[in-house]
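Colleague: There's a structure below that I have some questions on.
Numbering (the numbering used here), first residue to last: 28 to 177.
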């Protein structure tokens, strides 16, 4: 099983429900920490587009190589990029290595980021952001299962 969070930008309406669900699920106080998921908008050829931005759980995650103390790793079951920040030294190397700037830092300067709601998934539930997306723009898919369908 190789899980990926997939966003269909054509379906995203920038409602922010995903960001709110993420903040609620992870007890994030936006006064002290950047949410793991946020909605961004940009203009392309005169048209405004919206996207939901978060950790992409890259196959060859540069944040893992960027961390000098091994805080980040790939979950052997889901292949999601997960972490244990107990030994985090707050050097921000992971954030500098990440192409989307996903790692954030809590009030103790410990790295935190989207973990794909792995505990929810271990209990057969969807990630909070996927569950609340009113348009179905966000989906957690098993890439290996999708490959066998095609």
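For glycine and all other residues, C-beta sits at the position ideal for the given N, C-alpha and C. It should be emphasised that the depicted structure is a prediction, and the values quoted were computed from it without experimental measurement.
Helix, strand or coil: which one does DSSP assign to residue 147?
Modeller: If DSSP states are grouped into helix, strand and coil, residue 147 belongs with the helices.
Colleague: Quickly, what does DSSP pair residue 68 with across the bridge? List them, please.
Modeller: Its beta-bridge partners are 77.
Colleague: Contact defined as beta carbons within less than 8 Å: I believe residue 120 pairs with residue 93. What is the distance between those atoms, to the nearest angstrom?
Modeller: With 8 Å as the limit, residue 120 and residue 93 qualify as a contact, their Cβ atoms being about 4 Å apart.
Colleague: Would residue 117 and residue 137 be called neighbours here (beta carbons separated by less than 8 Å)?
Modeller: Cβ distance < 8 Å, so residue 117 and residue 137 count as in contact.
Colleague: In the DSSP assignment, what residue or residues form a beta bridge with residue 107?
Modeller: Paired residue(s): none; residue 107 is not in a bridge.
Colleague: Look at the alpha carbon of residue 71 and the alpha carbon of residue 62, and state the distance between them as a whole number of angstroms.
Modeller: Taking the straight line joining both Cα atoms gives about 25 Å.
Colleague: Go ahead and pull the three-state DSSP assignment for residue 47.
Modeller: In the structure shown, residue 47 sits in a helix (DSSP, three-state: H, G or I).
Colleague: Which whole-angstrom value is the C-beta distance of residue 143 and residue 154, which I expect to be below 8 Å?
Modeller: About 6 Å separates the two Cβ atoms, so the contact holds.
Colleague: So residue 167 is in the beta strand (DSSP E); what residue range does that whole segment cover?
Modeller: First-last of the beta strand (DSSP E) with residue 167: 165-169.
Colleague: Helix, strand or coil for residue 60 per DSSP?
Modeller: Coil, per DSSP.
Colleague: Is there contact between the stretch 95-105 and the stretch 31-39, where contact requires at least three CB pairs shorter than 8 Å?
Modeller: No contact exists between the stretch 95-105 and the stretch 31-39.
Colleague: So, at 7 Å on beta carbons, what are the nonlocal neighbours of residue 163 in its own chain, with the 5 sequence-adjacent residues on each side left out?
Modeller: Result list for residue 163: 38, in chain order.
Colleague: Where does residue 30 fall in DSSP's three states?
Modeller: DSSP places residue 30 in strand when its eight states are reduced to three.
Colleague: With C-beta atoms as the reference, is residue 85 less than 8 Å away from residue 108?
Modeller: Contact flag set, yes.
Colleague: For a quick check, are the C-beta atoms of residue 66 and residue 79 less than 8 Å apart?
Modeller: In this structure, residue 79 lies closer than 8 Å to residue 66 by Cβ.
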